[in-house]
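One structure is given here, and the rest of the page talks about it.
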Amino acid sequence: MKNKNNGVTTVTFLNRQQLDYLDKISKDCLFGYGHKLPRSQILCELVNLLIHLRIDVSKINFGKESLCQGVLKQIVNGNDENEGKRIV
0 MKNKNNGVTT VTFLNRQQLD YLDKISKDCL FGYGHKLPRS QILCELVNLL IHLRIDVSKI
60 NFGKESLCQG VLKQIVNGND ENEGKRIV
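For the sequence shown, numbering that gives the first Met the number 0 begins at 0 and goes up steadily by one.
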């Protein structure tokens, strides 16, 4: 299977709940809009979203919070680069 955008292959280990959620998104898109959205494209778009939001992981205190908590805090509160440009 050849990737259209010549991307790099990345192996990801997800648990059953995470896979089920990706499958739900994919099925919702297929049945709601008639567009097949593979798991790999969902993950790619989530990375693009983090890039677009200018998430800075160096601002996350990993001693006190998880990556997920730190990213959510930056999305909700904004970060220095996004002050006044909050998307949510």
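Where a beta carbon is used, it is the ideal one built from N, C-alpha and C, also for glycine. Just so you know, these numbers come straight off a predicted model, no measurement behind them.
C-alpha distance - Lys-1 paired with Ile-24, whole-angstrom precision: Reliability fails at Lys-1, whose pLDDT of 49 lies under 50, so the model's placement of it is uncertain and the value that follows must be treated cautiously. C-alpha separation (whole angstroms): 23 Å.
Between Gly-33, Gln-16, Asp-22, Val-56, which lies nearest to Asn-78 when the distance is taken from Cα to Cα? Of the candidates Gly-33, Gln-16, Asp-22, Val-56, the one whose C-alpha sits nearest the C-alpha of Asn-78 is Val-56.
Within 10 Å of its beta-carbon, does Ile-54 have 16 or more other beta-carbons around it, so buried, or fewer, so exposed? So Ile-54 counts as buried.
With DSSP as the reference, label Gly-69 as helix, strand or coil. helix
Got a sec: does the ligand SAH put a non-hydrogen atom nearer than 7 Å to the Cβ of Ser-39? You won't find the ligand SAH in this model; it holds no ligand whatsoever.
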